Amino acid sequence: MNHSAKQTILVLGASGLLGNAVLRVLAQSPALNVVGTLRSDAVKARLQSVTDAALILPVDATRFSDLQKVMDEVRPSVLVNCVGATKHIDAGNDPSIAYMSNAVLPHSLAALTANAGCRLIHISTDCVFKGDKGMYRESDPTDATDVYGQSKAAGEVHYRNSITVRTSIIGHEIDTRRSLVEWFMMQGAECKGFRKAFFSGFPTVTLARIIRDHVIPHPEMHGLWHAAAPRVGKFDLLSMIAKTYGKQITIRPDDTFELDRSLDGSRFREATGFVSPDWPALVAEMYEDRQRNQALFGN
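The number in the working numbering is simply the position in the sequence shown, starting from 1, with 482 added.
Rendered as structure tokens:
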């Protein structure tokens, strides 16, 4: 590909929950030339209807030959890895699949990008922690006991050309309905809302903006960083989503489940100047992004 002086960004896994947002948000910047990879053409037309980013397919991120070919073709200065087996699907609990996607792949990408003089931005998760204390710092040891959490911890990259951003995400998927928001929108007249389950993640559109505005412009940042929104309980979060989205539902408060995987993002804030909006603003940004992109997500 013949690119201009713009910085070229390669988004690996551009059709996923995070990848589609990263592709779209980064492509809004006139300073970035954004290219995304897809495994198939299933959502290509819909992605092209909402973004000018270039798309390359088919790319199987677990095949080194595919990765090498796309790196040679695109020659990016930054690769954002949005590929992974998640806890919402069976693959996230299958060691053979989870460790290949979540542990082996990031380290392979780190080596591949280092050889190409490219920076790797890798996204990890708060699920590397059991969630028995909350407000975890980067210095806290990981202690997940499940396959998904352990595989994600093993895949965190700490090389000079790589940054691992630990966080958590909510948002909208293109075809599937596995994530928290999609699950909630499919509920009927009532559902449970856990008041003692806390997290500090972001809507995918917000995290994409953080990557664009606060991670890419700081090439000196490497190793492990926590990016965090204000700590929020799932009951309060679902209540805000219902209000913003106009969903008529009774959310029954439930105190039987306790979990706190919130992260302390103060070190990231000090390094980048990023200050998170409050949760009403974050939910509004997620809703507005979905409304603007109905051609991608459906009505």
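Glycine included, C-beta positions come from ideal geometry on N, C-alpha and C.
No experiment lies behind these values; they were computed from the predicted model shown.
Check	Outcome
F676 lies in the beta strand (DSSP E); which residues open and close that run?	E672 to F676
For the region 744 to 752 and the region 614 to 621, state whether three or more C-beta atom pairs, one from each stretch, are separated by less than 8 Å.	yes
Quick one: is the Cβ of T607 within less than 7 Å of any heavy atom of the ligand GDP?	As far as ligands go, the structure on display features none, and thus does not contain the ligand GDP.
Counting pairs of beta carbons, one from the region 635 to 654 and one from the region 729 to 741, are three or more of them closer than 8 Å?	no
Could you please give the first and the last residue of the uninterrupted beta strand (DSSP E) stretch that includes F681?	A679 to F681
Leaving aside the five residues before and after D657 along the sequence, list all residues of the same chain whose C-beta is less than 8 Å from its C-beta, in chain order.	A524 and V525
Indicate whether S651 and T686 have their beta-carbon atoms separated by less than 8 Å.	Going by the sequence as given, residue 651 is Ile instead of Ser. Yes; because the gap between Cβ atoms is below 8 Å, this pair is in contact.
Among the residues of its own chain, which have a CB less than 7 Å from the CB of A598, if the five just before and after it don't count?	M553
In chain order, which continuous runs of the beta strand (DSSP E) of length 3 or greater are located wholly inside the region 612 to 651?	644 to 649
Can you tell me whether G728 is buried or exposed, with buried defined as 16 or more other CB within 10 angstroms of its CB?	exposed
Between which two residues does the alpha helix (DSSP H) carrying L549 extend?	F546 to V556
Based on the DSSP output, what are the partners of I491 in its beta bridges?	V516 and V560
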